[in-house]
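*Asks:* In mature numbering (1 follows the signal peptide of the UniProt record, and there is no 0), the protein residues as written are -22 to -1, 1 to 141.
(1) Apply the 10 Å Cβ neighbour rule to residue 72 and answer buried if 16 or more other Cβ atoms are within range, or exposed otherwise.
(2) Give the C-beta separation of residue 64 and residue 139 to the nearest angstrom, bearing in mind that I take them to be a contact with Cβ-Cβ under 8 Å.
(3) Any idea what DSSP makes of residue 71, helix, strand or coil?
(4) Report buried or exposed for residue 42, applying the criterion of at least 16 other Cβ atoms within 10 angstroms of its Cβ.
(5) At the level of alpha carbons, what is the spacing between residue 14 and residue -2?
(6) By a C-beta neighbour count over all protein chains shown, 10 Å radius and 16 as the cutoff for buried, is residue 12 buried or exposed?
(7) Once the 5 residues before and after residue 112 are set aside, which same chain residues still bring their CB inside 6 Å of it?
(8) Terminal residues of the continuous beta strand (DSSP E) containing residue 90?
(9) Quick check on residue -11: does DSSP put it in helix, strand or coil?
(10) From the DSSP output, read off the bridge partner residues of residue 125.
(11) Using DSSP with H/G/I as helix, E/B as strand and the rest coil, what is residue 22?
(12) On the criterion of 16 or more Cβ atoms from any shown chain inside 10 Å, does residue 118 qualify as buried, or is it exposed?
(13) Between which two residues does the beta strand (DSSP E) containing residue 138 stretch?
(14) For residue 67 versus residue 105, is the C-beta spacing smaller than 8 Å?
(15) Do the CB positions of residue 26 and residue 44 come within less than 8 Å of each other?
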């Protein structure tokens, strides 16, 4: 004999729990206000120049000798809201040092420091605009490399942005 399923089906049809619930729609609205961060400039938009001079000894480049301060000025207008500011160092890095910018000379880079810590290329640091970090630069060479004489340069971009 086949089992009978009529009773459970009839029970489900008559029970309120088995009946379909009525659907309800509610409108949603989203709003807010956009604000712009206060203006902020580095060196009044002028290029930052670090000149190591023409007397850098090819056998004295060791990541310590010739270290120089990067003279820059950060000018941010005060804002109504507490904004956070970050600095990012952008440029082509060397294959041998994540905090060194590649120069035009093989095996020579310029390592950048922020408050005595290596400033890794394309990394960002949160800063206080009223007390920006001390930035320094120093020539470095690939370990075991022999540098050749000649003028050198490296370029980078220092980005200040609110977030």
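Using N, Cα and C, we set each Cβ at its ideal position, and we do this for glycine too.
*Replies:* Reading from the atomic positions:
(1) Residue 72 comes out buried.
(2) Between residue 139 and residue 64 the Cβ distance is about 6 Å, and since that is below 8 Å, they are a contact.
(3) Three-state result, residue 71: strand.
(4) Exposed is the call here.
(5) CA-CA distance, residue 14 to residue -2, rounds to 47 Å.
(6) So residue 12 counts as exposed.
(7) Excluding residues within five positions, the ones whose Cβ falls inside 6 Å are 93.
(8) Taken as a continuous stretch (DSSP letters only), the beta strand (DSSP E) holding residue 90 covers 86 to 92.
(9) In this predicted model, residue -11 has a pLDDT of only 49, less than 50, meaning its place in the structure is not dependable; the value taken from the coordinates is given anyway. Residue -11 falls in the helix class under three-state DSSP.
(10) Here residue 125 is not bridged, per DSSP, to any residue.
(11) Here residue 22 carries a helix assignment [DSSP, helix/strand/coil].
(12) Counting the other CB atoms within 10 Å of its CB gives residue 118 a total of 16 or more, which places it among the buried residues.
(13) 135 to 140 is the extent of the beta strand (DSSP E) around residue 138.
(14) Taking 8 Å as the Cβ cut-off, residue 67 and residue 105 do not qualify as a contacting pair.
(15) Here residue 26 is not near residue 44, since their CB atoms are 8 Å or more apart.
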